[in-house]
Amino acid sequence: MRKKTLIAPSVLASDFSKLGDEVEAVATAGADWIHLDVMDGHFVPNITFGPPVIKAIRNRTKTFFDCHLMIAPADPYLAAFAEAGCDGMTVHAEAGPHLDRSLQTIRSLGKKAGVSLNPATPETAIEYVLDRLDLILIMTVNPGFGGQAFIPAIVDKVRRVKALIGNRPIRIEIDGGVSPETAPLVTAAGADVLVAGAAIFKGGTVEAYRANIEAIRSAAEKAAN
Ligand SMILES: O=C(CO)[C@H](O)[C@H](O)COP(=O)(O)O
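Last residue of the sequence shown: number 216 in the numbering used here, and the count goes up by one each step with no gaps.
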């Protein structure tokens, strides 16, 4: 049965001077998950935040914290992110030589395990770890910055990943340049979790965030496959 499309606002586009308020606002506005972009200035050319900041905002909502770890190496920090309050942790297939071990560690910490693929990484990189996965995050921009243009060529990868996972209960998440215009392209191809930053964090009020979330959700659901 088709899964309901989940909308995960990316806090990268929020006002960091009031991060707790922003997280609470999008949760109130109907976000299904909160997407937390962790960047290390090494795996990606930008630096954001780590476990102490996640821990500080954890008590602002019970909404699922979807933690996207754009860091290398990831393994030494997984326990700290789990302790800080991440509900799911996604590591990059390109971030280290021991992806299978990273995924086993995430599940052993009692968290949902995800893997992310950069635009240039083929889906074959995850063929042998499918049974360790709860989520596959397909990047539709090169990671590091919000507000970039969606890369249309990646829609074909979404279709291939959907075919690769077969009947496994793995969610397919899209991150980068998601808007009411691009969302239908990826849900038609099989995606069921949409991360969006710039398209949601505009307007600055709960009402505006609700309208932005619903615009993506409604466009996505009409095309969902
Ligand atoms: O992971 C990211 C960048 O590495 C962001 O989550 C992503 O780019 C979302 O931002 P936007 O919707 O503004 O493109």
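C-beta atoms are modelled at their ideal positions from N, C-alpha and C, and glycine is treated no differently.
CA-CA distance, Glu198 and Ala20? Within the sequence shown, the letter at position 207 stands for residue 198. Within the sequence shown, the letter at position 29 stands for residue 20. Separation of Glu198 and Ala20 (C-alpha to C-alpha, rounded to the nearest whole angstrom) is 7 Å.
Between Lys103 and Ala(-1), what straight-line distance do the alpha-carbon atoms span, to the nearest angstrom? The residue labelled residue 103 in the question sits at position 112 within the sequence shown. The residue labelled residue -1 in the question sits at position 8 within the sequence shown. Roughly 15 Å between the two C-alpha positions.
If Leu69 and Ile97 are in contact, beta carbons under 8 Å, what's the gap, nearest whole angstrom? Along the sequence shown, one-based indexing puts residue 69 at 78. Along the sequence shown, one-based indexing puts residue 97 at 106. Their Cβ separation, rounded to whole angstroms, is 6 Å, which keeps Leu69 and Ile97 in contact under 8 Å.
Please classify Pro67 as buried or exposed, where buried requires at least 16 other C-beta atoms within 10 Å of its C-beta. The count along the sequence shown starts at 1 and reaches residue 67 at position 76. The Cβ neighbour count for Pro67, taken over all protein chains shown within 10 Å, is under 16; the residue is labelled exposed.
Which ranges would you report for the beta strand (DSSP E) in the region 145 to 170 if only whole runs of at least 3 residues count? You should have 162 to 166.
Have a look at Asn133 and Ala182 and give me their C-alpha separation to the nearest angstrom. As a position in the sequence shown, residue 133 is number 142, starting the count at 1. As a position in the sequence shown, residue 182 is number 191, starting the count at 1. Each residue's alpha carbon lies about 18 Å from the other.
Would you kindly check if the distance between the Cβ of Pro143 and the Cβ of Met130 is under 7 Å? Start at 1 with the first residue of the sequence shown, and residue 130 comes out as number 139. Start at 1 with the first residue of the sequence shown, and residue 143 comes out as number 152. No, Cβ-Cβ distance for Met130 and Pro143 is not below 7 Å.
Run of the alpha helix (DSSP H) containing Leu128, from where it starts to where it stops: One-based indexing of the sequence shown puts residue 128 at position 137. Premise fails: Leu128 lies in the beta strand (DSSP E), 126 to 130, not in any alpha helix (DSSP H).
Nearest CA to the CA of Arg92: which residue from Ile156, Ile145, Ala71, Tyr119? What you label residue 92 is simply residue 101 of the sequence shown in a count that begins at 1. Closest by alpha carbon: Tyr119.
What does the alpha-carbon distance come out to for the pair Arg123 and Ser5? Locating residue 123 in the sequence shown gives position 132, where the first residue counts as 1. Locating residue 5 in the sequence shown gives position 14, where the first residue counts as 1. Cα to Cα, Arg123 sits roughly 32 Å from Ser5.
Using C-beta distances below 7 Å, list every residue in its chain close to Ile145, excluding the 5 sequence neighbours before and after it, in chain order. Taking the first residue of the sequence shown as position 1, residue 145 is located at position 154. By the criterion of a C-beta distance shorter than 7 Å, Ile145 is surrounded in its chain by Pro110, Ile129, Thr131, once the five residues flanking it on both sides are discounted.
Go through the region 54 to 109 residue by residue and report every complete run of the alpha helix (DSSP H) that reaches 4 residues or more, in order. List check, alpha helix (DSSP H) in window: 69 to 75, 90 to 99.
Could you tell me which of Leu155, Leu27, Phe7, Arg151 sits nearest to Gly79, measuring between CA atoms? Locating residue 79 in the sequence shown gives position 88, where the first residue counts as 1. Minimum Cα-Cα distance from Gly79 among the listed residues Leu155, Leu27, Phe7, Arg151 corresponds to Leu27.
Nearest to Phe62 by CA position, among Ala215, Val35, Ala73, is which residue? For this step, residue 62 is matched to residue 71 along the sequence shown. A quick correction: the sequence has Ile, not Phe, at residue 62. Just measuring C-alpha positions, the residue of Ala215, Val35, Ala73 sitting nearest Ile62 is Val35.
Asn203 to Ile191 span [Cα, whole Å]: Along the sequence shown, one-based indexing puts residue 203 at 212. Along the sequence shown, one-based indexing puts residue 191 at 200. Cα-Cα distance, rounded: 5 Å.
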